[in-house]
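Before any comments, here is the structure.
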Amino acid sequence: MTVDNLMNWFAELGDFPELAFILAVLICAVPVFLFIAIYALVAIYGELKISSFMQDKVGPMGQGVGLHAGKWGLLQPVADALKLILKEDIIPASADKKLFILAPFIVFIGAFIAFAALPFNQNLIIADMNIGIFYILAVSSLGVIGLIMAGWSSNNKWSLYGAMRSAAQIVSYEIPAALSIIAVIMLTGTLSMQGIIQHQSGFVWGILPNWIIFQNPFTFAAFFIFFVSGVAECNRTPFDIPEAESELVAGAFTEYSGMRYAFFFLSEYANMFIVSGIAVTAFLGGWQSPIPGILNSPGWGLWWFMSKAMFLIFVMIWFRWTFPRLRVDQLMNVCWKGFTPIAMVNIFGVGIWHLMLG
Amino acid sequence: MGVLEHKFQDNVVVASMDKLIGWARSTSPWFFQFGLACCAIEMMATAASRHDLMRIGMIPRSSPRQADVMIVAGTVTMKMGLRVKKLYEQMADPKYVISMGSCATSGGPYWQHGYHVLKGVDIVVPVDVYVPGCPPRPEALIEGLLKLQEKIQAERPLTRKSV
Amino acid sequence: MTPTEIKETLDREFPGSVIDNEELAESQIELKPDQWLEIATYLKNDPGLNFDQLECVTGIDTGEDGPLQSRYNFHSMEHRHKIEVVISLDRNNPKVASIEQVWRVGDWFERETYDMFGIIYEGHRDLRRILCPEDWEGWPLRKDYEAQETYHGIVVPKIKEEEWE
Amino acid sequence: MGVVQGDQMVLNIGPQHPSTHGVLRLKVWTDGEIVSEIKPYIGYLHRCFEKHSENVTYEQVIPFTDRCDYIASMNNNFGYVVTMEELMEIKVPERVEYIRVIMAELNRIASHLLALGVYGLDVGAFTPFLYMFRDRERILDIFELTCGARLLYNYMWVGGVSHDLPKDFERICIGFLDYFEPKIKEYNDLLTHNKIFLERTADVGVLPPDVAINFGVSGPNLRGSGVNWDVRKDEPYSIYDRFEFEIPLGEGEFGTVGDSFDRYWVRMCEMKESIKIIRQAIKDLPDGDVFQTIPKKIRPPKGSIYRRTESPRGDLGYYIISDGSPIPYRVKMRSPAFTALSSLGEIAQGWMLSDVIAILGSLDIVLGEIDR
């Protein structure tokens, strides 16, 4: 919406189409970048604190020397980010310089441009394309290229291992994710994100909100398949094999330090938000309120979308600190012998269920 | 940071920038897991739940590139001394070294008959803070880390060195 | 079986290989180094003895002019009996057959004794130093060992000689 | 379908690696993910223990035995002290025997806690490591109460112990045992019955019994392969024959006998057995003077002795040769982790890279003891 409104508004001002387009894109891109930055700080702080509470620890409390990290360690992520920016920028001599420099930005771009189609509330969406969800799934696989470039260019055996594993993992987990989204689109009939959400208003089976997750058991299973393969796409435990700390030192990021490492860190959290965003939009009714009818204004819509997304991110963090790590071949078995067949069965199930119950 | 290091005249703007940089670096010193011997077990106990290192912002990193502080915890032998030097050189600036335990500081109980023991890690690597003890208690290690944080904050990376 | 019975069976099987030596304790047998591999395989495969566990290989330097000794402790899981074999080798050319093929644990034990004393185990597939670096000079645990001056440029300090009391 | 034989990649799981339990270098020849050959390189922590013990008196060797296996220092002292007392024919009073058994078993629990926690870390589960460390800290408090040190105690001297038990030691120890027993159930729920953990450990790194004996493997690694061998039962030393406790063996519930899960499970059950021993030992703990049989001047008779004791990692043997002077002529320490690591080259062949880390973790090695 906002891009179209901006374009019309500029059109009234004067006749400068190219400049208008650039201005519109800029005006939309900067707040998204700020949102990602602030959200990433909050998510990193959340991860530190939640993981510490789960482990009987206190987490960053800012008890160091001087001002340190604020009251409850609130400034810890800020300090981390600032320190990472100020660190020496090492490019290994034997590394493939251009690819090495480019890799983190491609991984970040993969995550950044997917924000264009995320519906934050009724009208707060950058570009409500009619192929919204298809666009996000296509774009978020750009990150794989960045990871492979990172792994290959740093000319280090560990990062090569990490890159190969992450390539195999992300590419293969896109199949079940896409199949479970097909199950959703069969019900909503439209690919546009706002359209999917509008379809999910009203009641189903009496008291339940008409979210797709409650519409029939097959979409219920499709939600879990989508969410878990989304976790695998962000390389989070139990699928965090590419940056498996105990095996591959630091996986594809072994040779990165300072600012570039911060970008990888940032894009991991951005990816997590995208996966949660899609899961919320496709299955949990986006900005629809749990009790249809009341609290439906755009302001509340933003609140519902963000709280659902944040809850899913909390679940991802929760996964990370409880589950051990799968081995690479077990991971592939789970994907190809487990999720993909079930996702296909879901598609047929949704169709038959839809036909029978109408 | 290399280009801007020590290039500016000392005035209020540069001083406050120094304080900000010092604050950032001292608040989140990520330490490099470099456990060699008994002190490594005490370092793990310090990073565990009771004496939590994350309280003072220290997160364990396993790759030298992403770590700021290298805690040499345990006896450095001749065979290992060369590796310590190589790993130190791989760390990104600004990097600091804490020599934890009397073995790393001066060879500890092995100083007299240890033909294979390096008498002190400062032979191969510049050390910032020495933590005495064999093994030092977790509180002693945390006190050493706080000393290091004070030292980082006192650094003035931007102002020109008074020649 | 008690150690004395084991001594008799070995004397019967391999005449002339057992040397009787008074200072040794009752459970220790001294053997000549030349037939050692056959005796070792016999100790392991003979159903009556069945020493399937090689507990420990210890190198001993018996003084300035005395021989270097390589002592093996054997134990049988099945019969629960133990024996210790002592083999003396002369100081300047300590050579003995390696039992690494018979007990796989002997591989590392012998490499360690070689590293510390310089006892060469013939037939050992991979006889390298295991504890000290490959390019370390001298055999550290010999009584007359002098630590080398520097190692890769790092000064190795002298060990003080004055009496410890 | 022919096997595609790519060229081998040599990988150094180098002296500095998050999961090599210290300074161990594994040279690994891998073909893709499958490991075709492993060569462990050790000696990065060789601190010349045997050279030291030829230059310091018998009492001064005890702190060095502490630092060999720094996770189970009490058991190291115990091994050295039992061997010395057998050499010098010293009969220690009953109270000392009971105190030593209590301390050794407490230290066994602490060592197993660290071993299981770090094993969870190697397989990727971070939280159990911290829970187990939290409980290990309580045991360290008890040690701190008795002998003032957290990790390296120098507590057991030849002929006695350095400090008598504090005033209400029994109450504190029983309190810890009551607190700790339900915690084992918590670890089992969190890690042992976790499907992913089973997937990663069952059937991985199988150590058949005969290969284990041939490699001189001992302790929980050997019992994991189903061989019923425990020095406390088969060559009883000190007063272990007075306590009843079973020897847990690997049965291969979730895979074949002798896989990594069995070694993990044997250690978990051994903690329960140690609790039983401590309870019995505390129940009939006699009183008496602890320092009476500590000899002023240790001058053992000329002779040599080799004695084994059960440390948490296996048969810890001391070969002591004395020539009548107050300085030992030769002390050789046979370390159980040394032989366990020598079998890694055999077990971990053909497994994948992440399994090698899991198998190494299940062997529970300590580099201080391997390199001495």
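Protein chains in written order, with my numbering: chain Z, 24 to 381; chain A, 276 to 438; chain Y, 64 to 228; chain R, 75 to 446. Backbone N, C-alpha and C fix where the C-beta goes; we use that ideal spot for every residue, glycine too. Computed from a predicted model, the values in this text were never measured in an experiment.
Spatial distance of residue i from residue j (CA atoms)
i	j	result
Y:S151	R:L415	29 Å
R:I164	R:Q423	48 Å
Z:L349	A:I373	35 Å
Z:I124	Z:G93	34 Å
R:G249	R:E133	34 Å
A:Q284	A:A322	40 Å
R:E255	R:K346	8 Å
Y:W227	R:M158	Confidence is the limiting factor: at Y:W227 the pLDDT is only 47, short of 50, which leaves the residue's position unreliable, though a coordinate-based value still follows. Rounded to whole angstroms, Y:W227 to R:M158 spans 21 Å at the Cα level.
A:I296	R:V130	51 Å
Z:P100	A:P304	12 Å
R:D397	R:P375	7 Å
Y:R75	Y:E173	28 Å
Z:F342	Z:D79	17 Å
Best match in the options for proximity to residue i [C-alpha to C-alpha]
i	options	result
Y:G126	Y:E141, Y:E212, Y:R205 and Y:H142	Y:R205
Y:A103	Y:S90, Y:I162, Y:D74 and Y:V120	Y:I162
R:V280	R:P374, R:R381 and R:T330	R:T330
A:P407	A:L393, A:H388 and A:A379	A:A379
Z:G372	Z:S203, Z:A66, Z:F262 and Z:L170	Z:S203
A:V344	A:K360, A:M366 and A:M353	A:M366
A:G383	A:I331, A:I334, A:A312 and A:T434	A:A312
R:H126	A:L416, A:M333, A:H388 and A:R330	A:H388
R:Q90	A:D293, A:R340, A:L362 and A:S301	A:L362
Y:Y135	Y:G129, Y:H144 and Y:E118	Y:E118
Z:W181	Z:Y62, Z:A273 and Z:L64	Z:A273
Exposure label - residue i; buried when at least 16 CB within 10 Å
i	result
R:D196	buried
R:T413	buried
Z:N356	exposed
Y:T65	exposed
R:N288	buried
Y:L94	buried
R:R210	buried
Z:W228	exposed
Y:Y171	Checking the displayed sequence, the identity of residue 171 of chain Y turns out to be Trp instead of Tyr. Answer is buried; the Cβ neighbour count reaches 16.
R:T139	buried
Z:G166	buried
Residue i: first and last residue of the uninterrupted alpha helix (DSSP H) it sits in
i	result
Y:L194	Segment: none, Y:L194 is in no alpha helix (DSSP H) and carries neither H nor E.
R:E347	S334 to K357
R:R210	T201 to C221
Z:H377	T363 to L380
A:G376	G376 to S381
Z:V421	Here chain Z has residues from 24 to 381 only, and residue 421 of chain Z is not among them.
R:F254	F243 to Y261
R:P114	Per DSSP, R:P114 belongs to no alpha helix (DSSP H); it is in the beta strand (DSSP E), I108 to Y115.
R:T157	S147 to M162
R:G391	It is not in any alpha helix (DSSP H) - R:G391 instead sits in the beta strand (DSSP E) that spans G388 to S396.
R:L169	For the sequence presented, residue 169 of chain R should be read as Arg rather than Leu. Segment E168 to V197, the alpha helix (DSSP H) holding R:R169.
Z:V338	P321 to R343
Contacts around residue i, its chain only, beta-carbon distance under 8 Å, and the 5 residues preceding and following it disregarded
i	result
R:E260	Y205
Beta-carbon proximity list for residue i, same chain, < 6 Å, skipping 5 on both sides
i	result
R:V440	D143, I145 and A411
Z:I59	A293
Z:F250	A302
Z:A190	V167 and I171
Contact set for residue i: own chain, Cβ-Cβ below 7 Å, skip 5 residues either direction
i	result
A:L328	T321 and A322
A:S337	Q308
Z:L29	A47 and I50
R:E32	With chain R covering 75 to 446 only, the question about residue 32 of chain R has no answer from this structure.
A:P401	V372
Unbroken beta strand (DSSP E) run spanning residue i, endpoints
i	result
Y:L117	Q116 to D124
A:A367	Run containing A:A367: none; DSSP gives neither H nor E here.
Near the ligand MG: residue i beta-carbon under 7 Å from a heavy atom
i	result
Z:N153	You won't find the ligand MG in this model; it holds no ligand whatsoever.
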